[in-house]
Structures are given as structure tokens and as C-alpha cells.
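Quick note on this note's numbering: the sequence shown kicks off at 2 and runs consecutively. Heads up, the beta-carbon is just placed ideally off N, CA and C, and yes, glycines get one too. All remarks here apply to the structure that follows.
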Amino acid sequence: MIVSDTIWQPKVSTAGKSKYKALAQAIREGIVSGQLAAGEKLPPVRDLAYRVGVTPGTVARAYSLLIDEGRLIAGVGRGTFVSGQKTGSEAAIKAPVILDRPSNAPDRAHLLSPKVPDMGQSQLLRDGMQALSRNFHPEHLLRYPTRETDLAARLAFQAEIVPESVAHFTVDDIVTAHGGQSAIVMVLQTVLHGTHPVIAVDELSYGGFRSAALLCRADVVPLPWDEEGPLVAAFEEAIKSKSVQVYFTASEVCNPTVKATSPARRVEIAAIAQRYGVHIIDDDCYRLMKTKRIGPSYRALLPGLGWYVSSPAKTLTAALRIGFAIAPEGWGPALVRTATYHSFGVSRMITDLYAHVLATPELPQIIAQVKQRVAADIHAAVNILGGYQLNWSEDVPFLWLELPRGWRATAFCTAAEASGVLIKPAEDFALRDGRSVHAVRIAINGLMPHDAFVEAMGALRALLDQPAEQLAT
């Protein structure tokens with residue numbers, strides 16, 4: 002069935018409120034009054050912006066706010082529709098309590114960090130919280146967490162891992178943390194020693210690695226890459242000259258370049274680490290769940306020195322602060338002690354909710370829809386930015402754009418922001434004295450409607466096609 006756009010025209014009053022909030026309120030009132038029926042398709046972002054006399058970014062922000070509230074639904078490649086679900090007392094719709102979304106600047110496409118599209122997992126989380134609240138014994142709500150209280154979460158995570166990707170491990174090797182970043186810090190606290198420890202990171206890498214090193218008072222040295230991954234000779238030289246104790250990397254998906262370390266290069270790097278007794282922390286937080294791995298993790302190649310870290314933040318939700326670390330053989334008890342000293346563990350309310358959601362029969366379909374939505378944005382970006390150097394994968398929620406002659410990364414990001422698009426320059430992923438790279442990372446913001454993302458890509462393409470004259474000299 003073909004659904005045509007509604008002819009409904011919102012009456013927007015901006016008195017005392019920002020434009021996107023005023024538009025969102027007008028849409029709410031249209032839903033409550035019956036002018037907008039469940040399942041009705043709303044106008045595309047550009048069309049409604051023209052009708053109302055606001056910017057497309059304002060409409061996209063209003064749509065995104067109402068999607069978060071559950072009043073609208075974004076269909077991948079189909080448009081934005083009125084949801085059929087109830088969202089609480091409709092009698093109070095005239096004076097709703099609306100929280101600002103500080104992550105998104107008004108009228109801008111916020112593509113600084115990946116955000117998971119809501120394909121139904123928020124409702125799973127709501128339902129899970131209600132179900133668990135009815136069954137929680139008062140003691141579960143009052144006591145500190147233990148290794149027994151997070152067992153259900155560890156078992157659920159274990160069931161998600163393909164055994165050959167991390168080699169043999171047991172549920173006792175898994176330690177829960179307050180997100181992937183917390184897991185990284187705990188691993189460092191477990192293995193670093195001496196007064197001036199040193200860690201190695203990829204030349205362009207996730208800034209959280211450097212932040213974790215700073216918290217542990219460790220120095221950081223960069224490792225250059227070629228098309229296969231980190232340079233073996235550079236790794237060995239850093240170990241010998243800098244006394245590197247730990248190497249941080251993401252072998253499946255380098256953040257930000259989207260490159261993977263080839264299986265053959267992983268074997269070479271693991272051999273060097275084994276020779277010198279260097280630990281490797283393999284961060285696997287970026288490729289979406291239920292995706293086939295490119296090769297074995299360093300945990301599989303280095304059973305006594307390889308650490309595996311993951312979290313559901315990029316596929317399920319970033320709000321549920323839970324992450325997991327699989328310790329190398331023999332290191333599980335030491336990591337458990339660190340986690341205990343760190344925070345006494347992760348709350349049972351979080352670990353039981355994670356286990357509950359992973360056991361729901363609807364989850365596989367929701368994950369498939371998340372991947373479909375991310376892939377739709379990725380494909381749109383590739384189609385629009387085609388002809389320029391892009392690194393991308395449809396199951397990775399960001400792209401790496403190498404800028405053409407005439408643009409520098411910081412200047413391009415400034416120009417993009419002026420056009421309403423927020424992205425990160427390469428400098429944000431390099432050490433302070435690192436090699437200058439003229440590239441940017443474009444994150445997939447699943448909380449934005451697809452057509453708003455397409456519009457943002459069009460704005461970037463316009464900049465790429467017409468670099469400022471003074472920047473080309």
C-alpha cells in the first residue's frame with residue numbers, strides 16, 4: 002500500500018520556546034486532536050520546513066524528539082509516521098514535560114559520535130524494567146552486587162560470543178564493567194606496573210584509549226599503520242625502546258578509519274607480543290552485533306596475554322552502562338579483584354536487565370532492523386559522497402572521509418558546522434604531536450531521521466565540490 006504525505010499543516014507558536022520545541026508541540030497536538038492518525042505519514046523534512054518557514058534542521062530535530070518519545074516512527078527509506086503506541090496520559094499533552102537533548106545542538110546534524118537508532122529496543126528496556134521491578138526481592142535492591150548477582154549477564158554475554166573468535170574461555174573469565182571504557186581502565190589497572198608505565202596505541206585511534214592511559218598515569222606512544230594494520234617493525238621497536246607494557250587496538254574496526262587488521266598481520270603482532278610479554282587489549286565495541294568477524298581476536302592468538310573488551314553500546318543502547326572484559330588465561334581473579342576495588346561491581350538492576358533483554362524473542366529482529374537502518378545511512382553517504390576517498394562498512398556506524406586537495410580537516414569541520422553539520426577532524430584521534438592527516442570521521446546518528454542525514458551528506462558534498470578559494474593555495 003502506498004501511503005501519501007498528510008496535508009495537515011501545523012500551527013506553530015514560538016512564543017517562549019525554541020522553534021523545534023514549538024514544532025514538536027504542534028505535532029503532538031495534531032496527534033491528540035486526531036488530525037494526525039496512527040500510521041499516517043508526515044511530510045519529508047524539506048517539505049515541512051518549506052511549509053512552516055523554518056530550517057530543515059529544525060524539522061529534523063522536532064521529528065527526532067518525537068521519535069524518542071515514541072509518538073513518531075522512522076521507517077528506513079520510507080519516511081516518518083505517526084506511532085500507534087500510547088505514550089502516557091494524553092490529557093496532559095497541552096503542558097508536557099520535555100527534557101532537552103544536550104547531545105544535539107539546535108538545527109544541526111549532530112554526527113560527532115554514533116547513536117543507536119531506536120527500532121524497538123527502548124520498549125524492550127521499558128518492559129524489562131517493569132517485569133523485573135515486580136519480581137525483585139527487596140534484598141536485591143539493597144545489597145551490593147557480587148559475582149553471583151551478575152552471573153546471568155555474564156552467561157548472556159558468553160552466549161553471544163563465537164568461541165573461535167576469542168579461543169577457549171569460561172564464564173569465570175568474564176568480568177562486567179560500567180561500559181567498555183570502564184572495562185579498559187580496569188584492565189590497565191590490573192596489568193600496568195612500575196612508576197612510568199607505557200602503552201602503545203594505533204596512530205589514529207579512539208580517544209578513550211588515551212584517556213584511560215591518562216587516568217593510570219601512563220605514557221602513550223603511537224604505532225603507524227599500512228593497509229594491513231600496525232607495522233610489525235614499529236611495534237617491536239616501541240617495545241624495545243619505550244618499554245611498552247600494553248598495546249591498545251581494535252583489530253576488527255579501527256576507530257576512526259574503519260580499517261581492520263588483516264588476520265595475517267594479527268598473527269605477526271601476536272608473535273611479537275608473546276616474545277616480549279606485552280599485553281594486548283582488543284576493543285570490539287564498534288562492529289554491530291551478530292556480524293561475522295574478519296579474523297580471530299588477540300584473545301584467541303594470545304591466550305595468556307590477550308584481553309577482549311566489548312559492550313552493547315553501538316547496537317542495543319548506550320544508556321545501559323554495561324561492558325564486558327574477557328581476561329587471558331589465569332588473569333580472571335586479578336581482574337575480578339580490580340573490579341571489586343573499582344566499584345564493587347555492576348548493579349544487579351543493570352545486569353539483570355541486560356540478561357532479560359538479550360533473552361527476549363524480539364531482540365534478533367530489532368538488531369536486524371538496527372543494522373538495516375545503519376546500512377541505509379551508510380549507503381546514502383557513499384552514494385552522495387562517491388568520487389571522494391571513503392572508508393566504510395555497512396555494519397560500522399561511522400565513515401572515514403579523506404579530504405581532497407584544498408581542504409584541511411579543522412577548516413572543513415568549521416565550514417561543515419556553518420552548514421549545520423557537526424563532524425570530527427582527524428586531529429581528535431591523534432596524539433598531540435602525531436602526524437597531520439587531512440580527514441574527518443562522520444558518525445551515524447540513528448536518532449536523526451534518514452532524510453535529515455541525507456540532507457547533511459548533501460551539505461558535505463557541496464563543500465567538497467567547492468573548496469574555499471583561500472584554502473586551495
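(1) Report the partner residues of Gly31 according to the DSSP bridge assignment.
(2) In the DSSP assignment, find the alpha helix (DSSP H) that holds Leu205 and state where it starts and stops.
(3) Tell me where the beta strand (DSSP E) around Val222 begins and ends.
(4) Compare the C-alpha of Ile323 against each of Arg127, Val337, Arg349 and name the closest.
(5) Is Ala39 near Gly85, with beta carbons less than 7 Å apart?
(6) Along the chain, which unbroken stretches of the beta strand (DSSP E) at least 3 residues long are found entirely within the stretch 248-330?
(7) Closest by CA to Gln370, which one among Leu391, Val347, Asp396?
(8) Determine, using beta carbons only, whether Asp174 and Gly387 come nearer to each other than 7 Å.
(9) Leaving out five residues on either side along the sequence, give the residues of the same chain with a beta carbon under 8 Å from the beta carbon of Ile273.
(10) Are there 16 or more other CB atoms within 10 angstroms of the CB of Thr258, so buried, or fewer, so exposed?
(11) In its own chain, which residues sit with a C-beta less than 6 Å from the C-beta of Ala106, not counting the 5 before and 5 after it?
(12) Alpha carbon to alpha carbon, how far is Gln10 from Leu133? Give it in angstroms, no decimals.
(13) DSSP three-state call for Ile94: helix, strand or coil?
(14) Could you give the first and the last residue of the continuous beta strand (DSSP E) run that contains Ala440?
(15) Are the beta-carbon atoms belonging to Ala382 and Leu400 less than 7 Å from one another?
(16) Taking only runs of the beta strand (DSSP E) that begin and end inside the stretch 113-194, which ones reach a length of at least 3 residues, in chain order?
(17) According to DSSP, simplified to helix, strand and coil, what is Asp227?
(18) Using C-beta distances below 7 Å, list every residue in its chain close to Val13, excluding the 5 sequence neighbours before and after it, in chain order.
(19) What ranges does the beta strand (DSSP E) occupy inside the stretch 338-395, keeping only unbroken runs of at least 3 residues that lie completely in it?
(20) Any chance the stretch 124-143 sits against the stretch 426-442, with 3 or more Cβ pairs inside 8 Å?
(21) Count the other CB atoms, across all protein chains shown, that sit within 10 Å of the CB of Val83; report buried if there are 16 or more and exposed otherwise.
(22) Express the C-alpha separation of Gly296 and Glu228 in angstroms, rounding to a whole number.
(23) Can you tell me where the alpha helix (DSSP H) holding Glu403 begins and where it ends?
(24) Find out if the Cβ-Cβ distance for the pair Thr177, Ala154 is shorter than 7 Å.
(25) Check whether the Cβ of Ala153 lies closer than 6 Å to any heavy atom of the ligand ATP, and answer yes or no.
(26) Taking just the CA atoms, how far does Asp285 sit from Arg462?
(27) Quickly, what does DSSP pair Val199 with across the bridge? List them, please.
(28) Is it a yes or a no for the stretch 105-125 touching the stretch 312-323, going by three-plus beta-carbon pairs under 8 Å?
(29) How is the alpha helix (DSSP H) around Gly58 delimited, first residue to last?
(30) Taking buried to mean at least 16 other C-beta atoms within 10 Å of its own C-beta, is Asp466 buried or exposed?
(31) Please say whether Ser252 and Arg267 have beta carbons closer to each other than 7 Å?
(32) Just to confirm, are Asn446 and His169 a CB contact at a threshold of 7 Å?
(33) Apart from the five residues on each side of it in sequence, which residues of its chain come closer than 6 Å, Cβ to Cβ, to Ala96?
(34) Would you mind sorting Thr415 into buried or exposed? The rule is 16 or more other CB atoms within 10 Å of its CB.
(35) How far does the beta strand (DSSP E) with Phe82 in it reach, from first residue to last?
(36) DSSP three-state call for Pro426: helix, strand or coil?
The relevant details are as follows:
(1) Gly31 is not bridged to any residue.
(2) Annotation: Leu205 is outside any alpha helix (DSSP H) and is labelled neither H nor E by DSSP.
(3) It spans 220-224 - the beta strand (DSSP E) in which Val222 sits, taken as one unbroken run.
(4) Arg349
(5) yes
(6) Entirely contained in the stretch 248-330, the beta strand (DSSP E) runs reaching 3 residues are, in chain order, 280-284, 307-311, 324-327.
(7) Cα-wise, what sits closest to Gln370 is Asp396.
(8) Taking 7 Å as the Cβ cut-off, Asp174 and Gly387 do not qualify as a contacting pair.
(9) Val233, Phe236, Glu237, Ile240, Val279
(10) buried
(11) Because the pLDDT at Ala106 is just 44, under 50, the model does not fix this residue reliably, and the point stays unresolved.
(12) 43 Å
(13) Annotation note: pLDDT 36 at Ile94 (below 50); position unreliable, no value reported.
(14) 440-444
(15) yes
(16) 175-178
(17) strand
(18) Ala23, Leu24, Ala27, Val53
(19) 390-392
(20) no
(21) buried
(22) 15 Å
(23) From DSSP, Glu403 is part of no alpha helix (DSSP H) but of the beta strand (DSSP E) over 399-403.
(24) yes
(25) Looking for the ligand ATP in the displayed structure turns up nothing, as the structure carries no ligands at all.
(26) One C-alpha to the other measures close to 31 Å.
(27) When beta bridges are read from the DSSP output, Val199 appears opposite Asp220.
(28) yes
(29) 57-70 is the span of the alpha helix (DSSP H), which, as asked, contains Gly58.
(30) exposed
(31) yes
(32) no
(33) Per-residue confidence for Ala96 stands at a pLDDT of 36, beneath the threshold of 50, marking its modelled position as unreliable; the derived number appears in the next sentence. Closer than 6 Å at the Cβ level, and outside the excluded window around Ala96, lies no residue.
(34) exposed
(35) 80-83
(36) Reduced to three states, the DSSP call for Pro426 is strand.
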